[in-house]
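Student:
There are 2 protein chains.
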Amino acid sequence: MAEPLFRRIALIGIGLIGSSVARIAMERGDIAAEVVANARTEATLDRVRALGIAHRTELDAARAVEGADLVMLCAPVGAYAGLAAAIAPHLAPGAILTDVGSTKQSVIRDVGPHVPPGVHFIPAHPLAGTEHSGPDAGFATLFEGRWTLLTPPAGSDPDAVERVAELWRRCGSNVQRMDAAHHDRVLAIVSHLPHLIAFTICGTADDLEEESRQEVLRFAASGFRDFTRIAASDPVMWRDVFLNNREALLEMLARFTEDAQAMARAVRWGDADYIEDRVERGRKIRRSLIELNQA
Amino acid sequence: MAEPLFRRIALIGIGLIGSSVARIAMERGDIAAEVVANARTEATLDRVRALGIAHRTELDAARAVEGADLVMLCAPVGAYAGLAAAIAPHLAPGAILTDVGSTKQSVIRDVGPHVPPGVHFIPAHPLAGTEHSGPDAGFATLFEGRWTLLTPPAGSDPDAVERVAELWRRCGSNVQRMDAAHHDRVLAIVSHLPHLIAFTICGTADDLEEESRQEVLRFAASGFRDFTRIAASDPVMWRDVFLNNREALLEMLARFTEDAQAMARAVRWGDADYIEDRVERGRKIRRSLIELNQA
Numbered sequence: 001m002a003e004p005l006f007r008r009i010a011l012i013g014i015g016l017i018g019s020s021v022a023r024i025a026m027e028r029g030d031i032a033a034e035v036v037a038n039a040r041t042e043a044t045l046d047r048v049r050a051l052g053i054a055h056r057t058e059l060d061a062a063r064a065v066e067g068a069d070l071v072m073l074c075a076p077v078g079a080y081a082g083l084a085a086a087i088a089p090h091l092a093p094g095a096i097l098t099d100v101g102s103t104k105q106s107v108i109r110d111v112g113p114h115v116p117p118g119v120h121f122i123p124a125h126p127l128a129g130t131e132h133s134g135p136d137a138g139f140a141t142l143f144e145g146r147w148t149l150l151t152p153p154a155g156s157d158p159d160a161v162e163r164v165a166e167l168w169r170r171c172g173s174n175v176q177r178m179d180a181a182h183h184d185r186v187l188a189i190v191s192h193l194p195h196l197i198a199f200t201i202c203g204t205a206d207d208l209e210e211e212s213r214q215e216v217l218r219f220a221a222s223g224f225r226d227f228t229r230i231a232a233s234d235p236v237m238w239r240d241v242f243l244n245n246r247e248a249l250l251e252m253l254a255r256f257t258e259d260a261q262a263m264a265r266a267v268r269w270g271d272a273d274y275i276e277d278r279v280e281r282g283r284k285i286r287r288s289l290i291e292l293n294q295a
Numbered sequence: 001m002a003e004p005l006f007r008r009i010a011l012i013g014i015g016l017i018g019s020s021v022a023r024i025a026m027e028r029g030d031i032a033a034e035v036v037a038n039a040r041t042e043a044t045l046d047r048v049r050a051l052g053i054a055h056r057t058e059l060d061a062a063r064a065v066e067g068a069d070l071v072m073l074c075a076p077v078g079a080y081a082g083l084a085a086a087i088a089p090h091l092a093p094g095a096i097l098t099d100v101g102s103t104k105q106s107v108i109r110d111v112g113p114h115v116p117p118g119v120h121f122i123p124a125h126p127l128a129g130t131e132h133s134g135p136d137a138g139f140a141t142l143f144e145g146r147w148t149l150l151t152p153p154a155g156s157d158p159d160a161v162e163r164v165a166e167l168w169r170r171c172g173s174n175v176q177r178m179d180a181a182h183h184d185r186v187l188a189i190v191s192h193l194p195h196l197i198a199f200t201i202c203g204t205a206d207d208l209e210e211e212s213r214q215e216v217l218r219f220a221a222s223g224f225r226d227f228t229r230i231a232a233s234d235p236v237m238w239r240d241v242f243l244n245n246r247e248a249l250l251e252m253l254a255r256f257t258e259d260a261q262a263m264a265r266a267v268r269w270g271d272a273d274y275i276e277d278r279v280e281r282g283r284k285i286r287r288s289l290i291e292l293n294q295a
């Protein structure tokens, strides 16, 4: 077995992502010699202990990070500023501070100013997840074949970047480096907007009169159902994602809305060619996905 | 084996739905003693013959319906008016004329006036499909456990309604009777709007600058992908569905757009409670689907 990448890894937040990393680290042994889990409640840490997915649990984030050479923020991004302020004085010199948040400019904005000199701050985002949450939802194969995007600020220590990249490779992930602003724009269209749309259409259906609402559920297989899987995700996480990628998300939503209105106009005025052309483009995108084995 | 429901069934159009019905009728033997397939091109009928999913093929729709006691329109709904005019003089007295179109008020509007006295017109809509099309795409289990909605006009012959219902039950489907206007409204939200949204977001992504477009494909698993499966469906069929359920679709799209704009406003102004509440409603709908075994 390879030498562990880190002596001690502290996971601040132990939900779907954090507990998956914990499981992999415990199973493989070559990621960290010691896994420390932190959560906001004893109830969550009780689950962590029952599941046996950490060597040690700590209710106090500051104590959890003490002596860790890797600290990974795995909480909703809206909690990062407070967490960073709380742990910053306790970070070990030379430690790497990373995260798994779905928005990266906000993380640099909220965490960056708290990072003490001598600590390496390497933001990251594993593109993986399910609609389930909490420490019971994690599993060791979550990241297999998926992508993790690293958005280290300019001037980051190359060795620290490489160690975070290697951690994600050992988790089964592909790794790509990306500018934080570009990350937020790409994620706005591939993930944040689809989730916003999914939540919205569920609400639209839920507002229908009682009889129609029952029939939406009964006949959901006709297309609606495909939109609901991603609508079952964690509300606090998604609230924070939307609020912390506001500009890119609103821009993509504005583009989408313009396109939807153009489609509505074509439907209203019977512009068959326009509609057929847009539907054809959907097929083309789908075919590209199949060719890339992403479908 | 039960007595065949019909002596001769004529399938006008032999794509995903028509060829699935043909396969079931050929396999079971208790739906029709003879299966006649009609298509617009000899190339399609060549495939039908190669697949062996009909007893007889006819390029002329009028000839296909002669002597049939069940005629089923399985073409895109935009072709119905022309088809109805062409076949009407050739329908056998006492025959049942039915269809599988995704819009029902338009079908009654376009086909109804052509139906000769003594022919029973029983519109139907099997809620089943895949993103594939053509006679090769059909399969005998397509309708199993799915719903078929019947929208017979007031005063329809109860025996004719029952025979169409029994046909769909023998195809493995559940059957429910529904008013045509109500059908169009329910389908607008469970199927037509989700498809319109899926086609639209694919177009929005396709309009991005080249680099981002490539990354949309690479990182599609983050949510976007779930929207693309249904975006791969047949363009002509969907163009016709949108144009023939215009009012209900535009109303549901308007409701959805209002809701999406309210969400955009909450994101812009940081209304965390509103966002969390909408996301919670998405989860609630998803849970209801899981309880109903529709997920």
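Quick note, the sequences are listed as chains A and B, same order.
Quick note: the first sequence uses full-length UniProt numbering, first residue 1, plus one each step.
Quick note: the second sequence uses full-length UniProt numbering, first residue 1, plus one each step.
Cβ atoms here follow ideal geometry from the backbone N, Cα and C, with glycine treated the same way.
1) When the distance is taken between beta carbons, is G13 (chain A) closer than 9 Å to L59 (chain A)?
2) At 3 residues or longer, and completely inside the region 99-176 of chain B: list those beta strand (DSSP E) runs for me, N to C.
3) Where do the ends of the alpha helix (DSSP H) carrying R281 (chain B) lie?
4) Below 7 Å on C-beta distance, what does P126 (chain A) contact in chain B?
5) Have a look at B:D277, B:T200, B:L187 and flag the residue whose alpha-carbon is nearest the alpha-carbon of E251 (chain B).
6) Spatial neighbours of A248 (chain B) within its chain, please: C-beta separation below 6 Å, excluding the five flanking residues on both sides.
7) Just to confirm, is the Cβ distance from I275 (chain A) to W238 (chain B) under 9 Å?
8) If G223 (chain B) sits next to H195 (chain A), beta carbons under 8 Å apart, how far is it from one beta carbon to the other, in whole angstroms?
9) If you measure between the beta carbons of P153 (chain B) and P123 (chain B), is that distance less than 9 Å?
10) In chain order, what residues of the same chain lie with their CB nearer than 8 Å to the CB of L5 (chain B), ignoring the 5 residues before and after it?
11) Following the continuous alpha helix (DSSP H) through I201 (chain A), name the residue where it begins and the one where it ends.
12) Counting along the chain, where does the beta strand (DSSP E) carrying M72 (chain A) start and finish?
13) Using a Cβ cut-off of 9 Å (strictly closer), state whether S173 (chain A) contacts chain B.
14) Of all the CB atoms in chain A, is at least one closer than 9 Å to the CB of G270 (chain B)?
15) For the candidate residues A:L193, A:G203, A:I290, A:A266, whose alpha-carbon lies nearest to that of F256 (chain A)?
16) Closer than 7 Å by C-beta to A84 (chain B): which residues in its own chain qualify, once you throw out the five before and the five after it? Chain order, please.
17) Quick one: does M26 (chain B) have its CB under 9 Å from some CB of chain A?
18) When you compare the CB positions of R281 (chain A) and G203 (chain B), do they come within less than 9 Å of one another, or not?
19) Taking the Cβ atom as the reference point for each residue, do T148 (chain B) and L127 (chain B) lie within a distance shorter than 9 Å?
20) Whole angstroms are fine: how far does the CA of V216 (chain A) sit from the CA of E209 (chain A)?
21) Measuring only between beta-carbons, confirm whether K104 (chain A) sits less than 9 Å from chain B.
22) Could you tell me whether the Cβ of G15 (chain A) comes closer than 9 Å to any Cβ of chain B?
23) Give the range of the beta strand (DSSP E) segment to which L11 (chain A) is assigned.
24) For a contact defined as C-beta to C-beta under 8 Å, what are the partners of H195 (chain A) on chain B?
25) Which bits of chain B does R40 (chain A) rub up against, with CB to CB less than 8 Å?
26) What does the Cβ neighbour count give for D46 (chain B), buried or exposed, with the cut at 16 atoms within 10 Å?
27) Any C-beta of chain A within less than 7 Å: which residues of the region 60-85 of chain B qualify?
28) Count the other CB atoms within 10 Å of the CB of G52 (chain A); is the residue buried (16 or more) or exposed (fewer)?
29) Are F139 (chain A) and V279 (chain B) touching if we call contact CB-CB under 9 Å?
30) Report back the beta-carbon spacing between E34 (chain B) and R8 (chain B) to the nearest angstrom; my notes put them in contact at under 8 Å.
31) Using 9 Å as the threshold, is the C-beta distance between I96 (chain A) and H132 (chain A) below it?
32) Compile a chain-ordered list of the residues in the region 275-295 of chain A whose CB is closer than 8 Å to at least one CB of chain B.
33) Please list, in chain order, all residues of the same chain as A10 (chain B) whose beta carbon is under 6 Å from its beta carbon, the five residues on each side excluded.
34) Residues of chain A with CB closer than 8 Å to the CB of R170 (chain B), please, in chain order.
35) Enumerate, from N- to C-terminal direction, the unbroken alpha helix (DSSP H) stretches of 4 or more residues contained entirely within the region 16-56 of chain A.
36) With 9 Å set as the bound, which would you pick, yes or no: does the beta-carbon of R218 (chain A) sit closer than that to a beta-carbon of chain B?
Tutor: Considering the structure as presented:
1) As a first step, residue 59 (chain A) is located in the first sequence; it is residue number 59 there, counting from the start. As a first step, residue 13 (chain A) is located in the first sequence; it is residue number 13 there, counting from the start. Taking 9 Å as the Cβ cut-off, L59 (chain A) and G13 (chain A) do not qualify as a contacting pair.
2) 120-122, 124-127, 147-150
3) On the second sequence, residue 281 (chain B) is found 281 positions in, with the first residue counted as 1. Per DSSP, R281 (chain B) belongs to the alpha helix (DSSP H) from 272-291.
4) As a working mapping, residue 126 (chain A) is identified with position 126 in the first sequence. Those within 7 Å of P126 (chain A) in chain B number zero; the least Cβ separation is about 10 Å.
5) As a first step, residue 251 (chain B) is located in the second sequence; it is residue number 251 there, counting from the start. Measuring from the Cα of E251 (chain B), the nearest candidate turns out to be B:L187.
6) Here residue 248 (chain B) refers to the residue found at position 248 of the second sequence. Closer than 6 Å at Cβ, skipping near neighbours: D184, R185, A188.
7) Looking up residue 275 (chain A) in the first sequence gives position 275. Looking up residue 238 (chain B) in the second sequence gives position 238. Yes. Within cutoff.
8) Locating residue 223 (chain B) in the second sequence gives position 223, counting from the first residue. Locating residue 195 (chain A) in the first sequence gives position 195, counting from the first residue. Contact holds; Cβ gap of about 6 Å.
9) As a working mapping, residue 153 (chain B) is identified with position 153 in the second sequence. As a working mapping, residue 123 (chain B) is identified with position 123 in the second sequence. Contact: yes.
10) Your numbering for residue 5 (chain B) matches position 5 in the second sequence. The residues are D30, I31, A32, L70, R163, E166, L167, R170.
11) As a first step, residue 201 (chain A) is located in the first sequence; it is residue number 201 there, counting from the start. Residues 193-206.
12) Against the first sequence, residue 72 (chain A) aligns to sequence position 72. Its beta strand (DSSP E) spans residues 70-73.
13) What you label residue 173 (chain A) is simply residue 173 of the first sequence in a count that begins at 1. With 9 Å as the cut-off, S173 (chain A) does not count as an interface residue toward chain B.
14) If you number the second sequence from 1, residue 270 (chain B) lands on position 270. At least one chain A Cβ lies under 9 Å of G270 (chain B).
15) If you number the first sequence from 1, residue 256 (chain A) lands on position 256. When only C-alpha atoms are compared, the closest one is A:L193.
16) For this step, residue 84 (chain B) is matched to residue 84 along the second sequence. Once the five neighbours on either side are set aside, the close Cβ partners of A84 (chain B) are D110, V111, H114.
17) Locating residue 26 (chain B) in the second sequence gives position 26, where the first residue counts as 1. Answer no: the Cβ-Cβ gap between M26 (chain B) and chain A never drops below 9 Å.
18) The residue labelled residue 281 (chain A) in the question sits at position 281 within the first sequence. The residue labelled residue 203 (chain B) in the question sits at position 203 within the second sequence. Yes, the pair counts as a contact, with Cβ atoms nearer than the cut-off.
19) Counting from one through the second sequence, the residue named residue 148 (chain B) turns up at place 148. Counting from one through the second sequence, the residue named residue 127 (chain B) turns up at place 127. Result yes, Cβ atoms of T148 (chain B) and L127 (chain B) sit closer than 9 Å.
20) One-based indexing of the first sequence puts residue 209 (chain A) at position 209. One-based indexing of the first sequence puts residue 216 (chain A) at position 216. Going from the Cα of E209 (chain A) to the Cα of V216 (chain A) covers about 11 Å.
21) Indexing the first sequence from 1 puts residue 104 (chain A) at position 104. Answer no: the Cβ-Cβ gap between K104 (chain A) and chain B never drops below 9 Å.
22) Residue mapping note: residue 15 (chain A) aligns to position 15 of the first sequence, counting from 1. No, its Cβ sits nowhere closer than 9 Å to a Cβ of chain B.
23) As a first step, residue 11 (chain A) is located in the first sequence; it is residue number 11 there, counting from the start. Per DSSP, L11 (chain A) belongs to the beta strand (DSSP E) from 6-12.
24) Within the first sequence, the letter at position 195 stands for residue 195 (chain A). Neighbours of H195 (chain A) on chain B, chain order: G223.
25) Here residue 40 (chain A) is taken as the residue at index 40 of the first sequence, counted from 1. Those within 8 Å of R40 (chain A) in chain B number zero; the least Cβ separation is about 17 Å.
26) Residue 46 (chain B) sits at position 46 when you count from the first residue of the second sequence. Label assigned to D46 (chain B): exposed.
27) none
28) In the first sequence, residue 52 (chain A) corresponds to position 52, counting from 1. It counts as exposed.
29) By one-based count along the first sequence, residue 139 (chain A) stands at place 139. By one-based count along the second sequence, residue 279 (chain B) stands at place 279. Result no, Cβ atoms of F139 (chain A) and V279 (chain B) do not sit closer than 9 Å.
30) The sequence position of residue 34 (chain B) within the second sequence is 34, counting from 1. The sequence position of residue 8 (chain B) within the second sequence is 8, counting from 1. About 4 Å separates the two Cβ atoms, so the contact holds.
31) Numbered from its first residue, the first sequence carries residue 96 (chain A) at position 96. Numbered from its first residue, the first sequence carries residue 132 (chain A) at position 132. No.
32) I275, E276, R278, V279, E280, R281, G282, R283, K284, I285, R286, R287, S288, L289, L292, Q294, A295
33) Position 10 of the second sequence, counting from 1, holds the residue named residue 10 (chain B). These residues qualify, in order along the chain: V36, A64, V65, A68, V71.
34) Taking the first residue of the second sequence as position 1, residue 170 (chain B) is located at position 170. Under the 8 Å cutoff, chain A gives no residues; its nearest Cβ is about 20 Å from R170 (chain B).
35) 16-28, 42-51
36) Numbered from its first residue, the first sequence carries residue 218 (chain A) at position 218. Chain B contact via Cβ: present.
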